[in-house]
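Q: Quick one: the structure is below, and I'll ask about it shortly.
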Amino acid sequence: MRCWDDPARHRSKKAKTLFHCARIGCILGPTLGGKSGSSKRGAPGGARRVRGRRPHCARLRRGQGISLISKAATLLEVARLAGVSTATVNRVLKQQGYISDDARQRVLAAVAATNYRPNVVARGLRTQHTYTIGLMLTAITVNPLFVGVAHAVEAAAIAAGYRVVIFNHGGSASHERHGIETFIAQRVDAVLFCTTASPDNVEILVDSGIPAIEIERSLTETARSVRVDNYVGARAAVDHLVGLGHRRIAFVGGDPAIYPRDLARQRSVEDDRLSAYLDGMAAHGLKPMPDHVRLGTYYDLDAEISGTEGQQHTNALMALPEPPTAIFATCDILATGVLQSLYRMGKRVPQDVSVVGFDDTIAAYLAPELTTVAQPMTALGRHGFDMALAAIERRKVPDEIVLETSLVIRNSTGPAP
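Position 158 (the sequence shown) corresponds to 158 in UniProt numbering; numbering is contiguous.
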């Protein structure tokens, strides 16, 4: 026998089990049988072992891979199987430096054969990083914008060798605080917010030495941020409707009195969009009717996507003596409710009423397809992660990045009736 004495001498059930394990994997070795040379009743733990050498059948031989019952393959085992150095394996896995095609193929084949996975814990001990990013969302179930941003963050993180832990606070500062404490306990390397329920929670994170990045809004002094130019986007929507001949244009959006303002600018997303509407109307010599401006919340954070708020606003608008011929809803979820209400009234879109949304999340899937102001969700998530990574690596990064929106014209807007 290569590793153990003749099993016929071993009568104990434990010894037979150990011998069987040695036969099929020879990875367990004397460590399970007691101290070397002192095992009772001739168990395998007493088998003599050459100092400094592994049992012969535990060696990794080229082309054999790793036993199914063995521990996870190490970088050294991958290197031995591929016939290269560990440095070469590292360069192949990190896609760094020049490696010959032959060596690269042998390394990749060895990785596949051994089912090798990088040891994140060991890497973290060396670098003092967990390679984990926290992502705090408002509520991923009520607005597809959060889904798009989360997908982009995750894609960027995976490409950089990071993983993402997601937490939804649902608009509750206490729930968000719980998530923050969880992130701190897990020693995440950075946290992205889209968006925070309380600036105080962001400060707690920063005080703990963990970089924070805000996406869509910038509510704190210490966190870097990435957002879109909401004013320019909303102004493009108004100009588009006026260009189609509309004069009675209604505004349905978030109430600036409800939503928080960016700390540095002292303006909120809602301030920007409402100001763009008012300025756009004035620039074309139009004065909005007071009843045509409807403000409130975008959606119910405790409910699934419903468009209820948009329906209520539209019902009130269309009951006016002079109803609008166009409605600018500053969120695609609001616009969904607008379309639902108009459909139930028998109004045709865009023949009777034109509708514009904001976000471009579900706009292409509505009937008719919705004209909307598109937010670059992929760019928001990617830039957010890049800013977090730069902070982790202590590289210089802008305090704020402002991205452009774009007006996507579809089938929900047309000439004024």
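Virtual Cβ for every residue (Gly too), placed ideally from N, Cα, C.
Here the structure is a predicted model, which means the values were calculated and not measured.
Is it buried or exposed, arginine 394, if we count other Cβ atoms within 10 angstroms and call 16 or more buried?
A: exposed
Q: Compute the Euclidean distance between the alpha carbons of alanine 160 and methionine 387, then round it to the nearest angstrom.
A: 13 Å
Q: I'd like to confirm the pairing. Which residues does DSSP put opposite proline 224 in its beta bridges?
A: Here residue 224 turns out to be arginine, not proline, going by the sequence shown. According to DSSP, which records beta bridges pairwise, arginine 224 is partnered with Ile213.
Q: For leucine 366, does the three-state DSSP call read helix, strand or coil?
A: coil
Q: Report the CB separation of valine 269 from tyrosine 259 in whole angstroms; it is logged as a contact under 8 Å.
A: 7 Å
Q: Between which two residues does the beta strand (DSSP E) holding leucine 295 run?
A: Run containing leucine 295: 293-296, per the beta strand (DSSP E) assignment.
Q: In angstroms, rounded to a whole number, what distance separates the CA positions of glutamine 96 and alanine 103?
A: 14 Å
Q: Taking C-beta to C-beta, are histidine 284 and alanine 250 nearer than 8 Å?
A: The answer is no: Cβ separation not under 8 Å.
Q: When you compare only the Cα positions, how much space is there between proline 256 and serine 100?
A: 60 Å
Q: Decide if tyrosine 365 is buried, meaning its Cβ has at least 16 other Cβ atoms within 10 Å, or exposed.
A: exposed
Q: Tell me whether arginine 80 is buried or exposed, calling it buried when 16 or more other Cβ atoms sit within 10 Å of its Cβ.
A: buried
Q: Determine the contact status of valine 92 and leucine 108, defining contact as a CB-CB distance below 8 Å.
A: yes
Q: Would you grab the beta carbon distance between leucine 135 and leucine 205 for me? Rounded to a whole angstrom, and I think it's under 8 Å.
A: No, leucine 135 and leucine 205 are not in contact; Cβ-Cβ is about 13 Å, not under 8 Å.
Q: Does the distance from the CB of arginine 227 to the CB of arginine 217 come in under 8 Å?
A: In this structure, arginine 217 lies closer than 8 Å to arginine 227 by Cβ.
Q: Need the endpoints of the beta strand (DSSP E) that glutamate 400 sits in, please.
A: 400-403
Q: So who's on the other strand from alanine 250, going by DSSP bridges?
A: Note: alanine 250 sits in a beta bridge opposite Ile327.
Q: According to DSSP, simplified to helix, strand and coil, what is asparagine 168?
A: strand
Q: Which residue comes first and which comes last in the beta strand (DSSP E) that contains alanine 190?
A: 190-194
Q: Within this structure, are the beta carbons of asparagine 341 and leucine 244 separated by less than 8 Å?
A: The question names asparagine, but residue 341 is serine in the sequence shown. No. Outside cutoff.
Q: Checking the sheet assignment: what are the DSSP bridge partners for leucine 407?
A: Val373
Q: How many angstroms separate the CA atom of serine 172 from the CA atom of isoleucine 133?
A: Each residue's alpha carbon lies about 21 Å from the other.
Q: So what's glycine 97 in DSSP terms, helix, strand or just coil?
A: coil
Q: Taking 7 Å as the cut-off, is the CB of valine 84 close to at least one heavy atom of the ligand NAP?
A: In terms of ligand content, the structure shown is empty, and the ligand NAP therefore cannot be addressed.
Q: What first and last residue would you give for the beta strand (DSSP E) that runs through valine 338?
A: Per DSSP, valine 338 belongs to no beta strand (DSSP E); it is in the alpha helix (DSSP H), 332-345.
Q: Quick one: give me the first and last residue of the beta strand (DSSP E) that isoleucine 133 is part of.
A: 132-137
Q: What residue range is occupied by the uninterrupted alpha helix (DSSP H) comprising glycine 414?
A: Where glycine 414 is concerned, there is no enclosing alpha helix (DSSP H), given that its DSSP letter is neither H nor E.
Q: Using C-beta distances below 6 Å, list every residue in its chain close to histidine 175, excluding the 5 sequence neighbours before and after it, in chain order.
A: His169
Q: For the beta strand (DSSP E) holding glycine 357, just list the boundary residues, first then last.
A: Annotation for glycine 357: the continuous beta strand (DSSP E) segment containing it runs 354-359.
Q: For aspartate 262, write down the residues that DSSP places opposite it in a beta bridge.
A: Answer is Arg267.
Q: Would you list the one or two residues that DSSP bridges to arginine 348?
A: When beta bridges are read from the DSSP output, arginine 348 appears opposite no residue.
Q: Using only CA atoms, which one of Arg235, Ala282, Arg247, Val252 lies nearest to glutamate 404?
A: Arg235
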